Amino acid sequence: MLIKLTFSYDGSKFQGSASQPHGKSVQDELSCALSHLGIYEKVLFASRTDKGVHASKAVASVKIKEHFQDLTYLKNKINHFAKPFIYIKQIQKMHEDFQVRFDVKKRAYRYILFHGEYNPLLASYVHFYPKIDLKLALELAKLFQGEHDFKFFQKEGSDNKTTIRKIYTSKVYTYKDFTIFYFEANGFLRSQIRMMIASILKVLEGKMSQDQLLEQINTEKIYNRFLAPASGLYLSKIIY
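FYI, my numbering numbers position 82 of the sequence shown as 82, with every residue one higher than the one before it.
#1: Measure the alpha-carbon distance for His-148 versus Leu-233 and round it to whole angstroms.
#2: By the 10 Å Cβ neighbour count, where 16 or more other Cβ atoms means buried, how is Arg-225 classified, buried or exposed?
#3: Using 8 angstroms for Cβ pairs, my map puts Ala-82 next to Ile-88. What's the rounded Cβ distance?
#4: Quick check: what's the CA-CA separation for Phe-128 versus Ser-170?
#5: Determine contact between the segment 203 to 223 and the segment 37 to 57, defined as no fewer than three beta-carbon pairs at a distance below 8 angstroms.
#6: Where do the N-terminal and C-terminal ends of the beta strand (DSSP E) with Ile-180 fall, by residue?
#7: Just verifying my parser: in three-state terms, what is the DSSP assignment at Thr-72?
#8: Which residue marks the beginning of the alpha helix (DSSP H) containing Ser-35, and which one marks its end?
#9: Assuming contact is defined by CB atoms lying nearer than 8 angstroms, are Ala-230 and Ala-198 in contact in what I supplied?
#10: Taking all protein chains shown into account, decide if Asp-103 is buried (16 or more other Cβ within 10 angstroms of its Cβ) or exposed.
#11: Please identify the residue among Glu-215, Met-1 and Leu-204 whose C-alpha is closest to the C-alpha of Phe-98.
#12: When you compare each of Leu-138, Asp-177, Lys-176 and Leu-71 to Met-249 by their alpha carbons, which one comes out closest?
#13: Check this for me: beta carbons of Val-59 and Lys-4, under 8 angstroms apart or not?
#14: Going by beta carbon distance, what residues of the same chain come within less than 7 angstroms of Gln-27, once the five residues before and after it are set aside?
#15: Tell me the DSSP secondary structure of Leu-122 in three-state form.
#16: Just to confirm, are Ile-180 and Ala-141 a CB contact at a threshold of 8 angstroms?
#17: Could you pull out every residue in the same chain whose Cβ sits closer than 8 angstroms to the Cβ of Met-94, ignoring the five residues on either side in sequence?
#18: DSSP three-state label for Val-203, please.
#19: By a C-beta neighbour count over all protein chains shown, 10 Å radius and 16 as the cutoff for buried, is Gly-11 buried or exposed?
Spelled out as structure tokens, the structure:
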């Protein structure tokens, strides 16, 4: 029986989502929790995240034995072993031909800035930053919408068959002392959003012009290779 797991995790406690030789990834920890229940099949993830990046609705799939009929009971048992840094929100039975990664239509991420006083308890979960020009930030975020070759917005050493991605939605909004960037696309390159955010912030700081940002989006010239901190980035949802 094939099941889909929807879950959240605290990325600050892991060395990324994908399995690592040292076993300190989200995938390794979730596999360990499943092994306590006699589930040893490989867990497949819909999307990867880097070290320090969080998820509110990540998705994975795994094959289990047919005797696991009570999925609520199974969810509670997995959570018993996976907590406190991973939490299963939902388990669904899927058709055997379901492909957790290749059936994805859209992926959505949020990036969170916090404008209040520094708080060490929030340090792993936001990017502390002064208040920004919201109207200009939204204008800059909208420049990324549409289909582009984002080869100048990926971490060096990335290996992709194609660097063309389509961003359907770019939003920026505020909530109390937070500013949230939201991007929804058919996919993202490694560290793409963190480089996009860093580039937007450089324009807001006056260290880079809007025209230069456009030149980088249009693959004419690279003006920024820095990444915004991983602490502010969240995988928000996977859309099938």
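Even glycine gets a Cβ: it sits at the ideal position worked out from N, Cα and C. Source: prediction; values computed, not measured.
Judging by the given coordinates:
#1: Note on geometry: alpha-carbon atoms of His-148 and Leu-233 lie some 22 angstroms from one another.
#2: Exposed, since its Cβ has fewer than 16 Cβ neighbours within 10 Å.
#3: In this structure Ala-82 is in contact with Ile-88, their Cβ atoms being roughly 7 angstroms apart against a cut-off of 8 angstroms.
#4: Rounded to the nearest whole angstrom, the C-alpha separation of Phe-128 and Ser-170 is 21 angstroms.
#5: Flag = no, the segment 203 to 223 and the segment 37 to 57 do not touch.
#6: Judged by DSSP secondary structure, Ile-180 falls within the beta strand (DSSP E) whose first and last residues are 178 to 185.
#7: Helix, per DSSP.
#8: Residues 26 to 35.
#9: Not a contact, by the Cβ cut-off of 8 angstroms.
#10: Classification for Asp-103: exposed.
#11: Looking at the Cα atoms, Met-1 is the closest of the given residues.
#12: The shown model of the chain, from 1 to 240, leaves out residue 249, and the question about it has no answer.
#13: With respect to Lys-4, Val-59 sits close: the two C-beta atoms are nearer than 8 angstroms.
#14: Taken in chain order, the residues that qualify are Ser-17, Ala-18, Ser-19, Val-43 and Phe-45.
#15: Leu-122: coil per DSSP, three-state reduction.
#16: For the pair Ile-180 and Ala-141, the CB atoms are not nearer than the 8 angstroms cut-off.
#17: Answer for Met-94: Leu-2, Ile-3, Lys-4 and Ser-61, listed in chain order.
#18: Helix.
#19: Under a 10 Å Cβ-count criterion, Gly-11 is classified as buried, with 16 or more other Cβ atoms of the shown protein chains found around its own Cβ.
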